[in-house]
């Protein structure tokens with residue numbers, strides 16, 4: 029109900045460029061963590077959701093900076109895209125652009141871990157078993173949310189089980205303003221899907237964005253973020 | 029010199045469909061080895077070289093089966109494409125289609141190792157360090173070359189150093205008929221490049237295919253394979 033109202037309200041005002049004057053910083057896609065010059069660890073994020081959000085925010089008049097991992101997507105009109113590979117690259121670019129940002133949306137599926145020691149040459153197959161040692165990557169959304177003058181900060185929780193539990197825990201633990209949760213194991217809302225369904229949690233409320241195209245979900249989410257940010261101020 | 033002659037000979041006969049009646053089985057692209065439902069290990073292979081070889085062989089009249097890992101490429105005309113994800117999938121499909129094959133070309137960048145125990149749910153970040161345990165994947169090209177009625181078997185060696193040494197060792201150790209070697213660390217012949225340069229080794233000879241478009245290299249390689257196979261029979 030609330031969401032529908034928000035969405036209608038937003039769509040009615042869309043031509044009015046309700047986000048004009050705001051700077052939104054958005055991350056999208058996977059990151060890749062090098063093992064050696066030819067191999068890497070990555071994940072199934074397609075970048076579609078983050079790119080859809082960037083388009084929706086730009087369509088609503090925001091100045092949008094999109095920091096994207098390696099994806100096969102066309103940059104939406106009026107979006108300033110910065111390409112990165114690893115979580116460390118992404119962290120660096122986000123920190124370089126977060127100043128004067130009004131809203132930060134961490135939609136990228138950032139690798140939690142990187143390879144402890146990246147091999148300079150292709151590793152040769154030898155033993156029957158092998159181990160890869162990993163160390164933690166910087167936590168981009170937590171670092172942004174810890175800034176003294178932090179923007180309105182929105183996280184994502186892509187889970188395969190206990191979605192609500194993990195999402196609410198992440199919202200609190202990382203000091204986010206909103207978190208958008210989805211079950212990537214469910215059909216039609218996975219990483220490569222063109223549709224999605226989100227449950228968005230603030231510290232006090234819960235909003236359902238039922239299954240729709242990622243572009244429709246993005247428009248609703250942008251409207252919800254704009255409205256929740258107004259309420260917070 | 030030899031290569032140029034081969035190539036001209038081949039191009040002259042191209043319209044004559046010199047591979048008519050032959051079945052060529054080709055692998056292409058990377059494989060992905062699942063860590064959990066969202067994360068995987070892969071490599072930078074784009075599939076471009078394998079797809080170019082499939083096109084060149086089909087253009088020369090061969091019946092072509094292309095077993096491809098996850099890539100963003102259009103299937104060439106008259107090529108029967110089978111999509112796979114992991115090295116085990118690829119091994120299974122190759123073994124199912126290798127019977128009655130005249131030529132097998134292992135162009136895919138197959139993961140040497142897979143994850144020892146794939147997690148059924150998304151692994152949660154917890155400790156500062158983590159280890160991934162790997163076990164060896166089946167060796168597709170070696171298993172094909174070990175068949176009693178093996179096809180003419182061509183391997184690839186994508187290396188970042190000591191290219192000739194590794195390539196010749198692989199040719200002998202795996203009982204291949206030819207191996208096509210390239211230095212993926214060199215500019216303009218890496219995984220995502222549209223150009224390539226190959227050094228092809230038989231047990232007795234060495235052939236240079238200098239830097240050219242992957243489609244030109246593919247035509248020369250197909251011509252060379254056809255000629256070397258004729259010599260062997």
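Residue numbers (the numbering used here), protein chains in the order written: chain L, 29 to 261; chain P, 29 to 261.
Each residue gets a CB set at the ideal place from its N, CA and C atoms; glycine is no exception.
Would you mind telling me which residues of chain L sit closer than 8 Å to residue i, beta carbon to beta carbon, in chain order?
| i | result |
| --- | --- |
| residue 187 of chain P | 150 |
Assuming contact is defined by CB atoms lying nearer than 7 Å, are residue i and residue j in contact in what I supplied?
| i | j | result |
| --- | --- | --- |
| residue 55 of chain L | residue 95 of chain L | yes |
| residue 138 of chain P | residue 174 of chain P | no |
| residue 99 of chain P | residue 49 of chain P | no |
| residue 132 of chain L | residue 172 of chain L | yes |
| residue 240 of chain P | residue 80 of chain P | no |
| residue 209 of chain P | residue 185 of chain P | yes |
| residue 153 of chain P | residue 197 of chain L | no |
| residue 89 of chain L | residue 121 of chain L | no |
| residue 85 of chain P | residue 104 of chain P | no |
| residue 206 of chain P | residue 256 of chain P | yes |
| residue 2 of chain L | residue 225 of chain L | Limits of chain L in this structure are 29 at one end and 261 at the other, which puts residue 2 of chain L out of reach. |
| residue 183 of chain L | residue 136 of chain L | no |
Does residue i have its Cβ less than 7 Å from a Cβ in chain L?
| i | result |
| --- | --- |
| residue 67 of chain P | yes |
| residue 162 of chain P | yes |
| residue 157 of chain P | yes |
| residue 100 of chain P | yes |
| residue 140 of chain P | yes |
| residue 71 of chain P | yes |
| residue 153 of chain P | yes |
| residue 254 of chain P | no |
Listing by chain order, which chain P residues have their CB less than 9 Å from the CB of residue i?
| i | result |
| --- | --- |
| residue 193 of chain L | Ordered by position in chain P, no residue passes the 9 Å Cβ test against residue 193 of chain L, which lies about 11 Å from the chain. |
| residue 212 of chain L | 65, 66, 150 |
Whole angstroms is fine: what's the gap from residue i's alpha carbon to residue j's?
| i | j | result |
| --- | --- | --- |
| residue 29 of chain P | residue 248 of chain P | Because the pLDDT at residue 29 of chain P is just 48, under 50, the model does not fix this residue reliably, and the point stays unresolved. |
| residue 52 of chain L | residue 227 of chain L | 21 Å |
| residue 119 of chain L | residue 191 of chain L | 25 Å |
| residue 244 of chain P | residue 216 of chain L | 41 Å |
| residue 110 of chain L | residue 252 of chain L | 25 Å |
| residue 306 of chain L | residue 47 of chain L | Here chain L comprises residues numbered 29 to 261, so residue 306 of chain L is not present and cannot be evaluated. |
| residue 242 of chain L | residue 250 of chain L | 12 Å |
| residue 211 of chain P | residue 180 of chain P | 24 Å |
| residue 169 of chain P | residue 204 of chain P | 8 Å |
| residue 87 of chain P | residue 258 of chain P | 19 Å |
| residue 261 of chain L | residue 134 of chain L | 21 Å |
| residue 143 of chain P | residue 142 of chain L | 16 Å |
| residue 123 of chain P | residue 68 of chain P | 24 Å |
| residue 194 of chain P | residue 201 of chain P | 10 Å |
| residue 78 of chain L | residue 78 of chain P | 32 Å |
| residue 127 of chain L | residue 108 of chain L | 16 Å |
| residue 236 of chain L | residue 106 of chain L | 29 Å |
| residue 231 of chain P | residue 59 of chain P | 28 Å |
| residue 188 of chain L | residue 189 of chain P | 41 Å |
| residue 102 of chain L | residue 234 of chain P | 43 Å |
| residue 130 of chain P | residue 117 of chain L | 47 Å |
So, is the C-beta of residue i closer than 7 Å to a C-beta in chain P?
| i | result |
| --- | --- |
| residue 29 of chain L | With a pLDDT of 48 at residue 29 of chain L, under the threshold of 50, the modelled position of this residue cannot be trusted; read the value that follows with caution. It does not; no Cβ of chain P falls within 7 Å. |
| residue 50 of chain L | no |
| residue 242 of chain L | no |
Examine the ligand ATP and report whether any of its heavy atoms sits within less than 6 Å of the Cβ of residue i.
| i | result |
| --- | --- |
| residue 113 of chain P | Among the ligands in the structure shown, none appear at all, so the ligand ATP cannot be discussed. |
Subject >> Stretch pair the region 69-79 of chain L + the region 220-229 of chain L: three plus CB contacts closer than 8 Å >> reply: Touching, yes.
Original post:
Using 8 Å as the threshold, is the region 58-68 of chain L in touch with the region 143-158 of chain L, meaning 3 or more CB pairs across them?
Top reply: Three or more Cβ pairs closer than 8 Å define a contact, and the region 58-68 of chain L meets that threshold against the region 143-158 of chain L.
Original post:
How do the region 156-172 of chain P and the region 152-165 of chain L stand: do at least 3 beta-carbon pairs fall below 8 Å, yes or no?
Top reply: The region 156-172 of chain P makes contact with the region 152-165 of chain L, as at least three CB pairs between them are under 8 Å.
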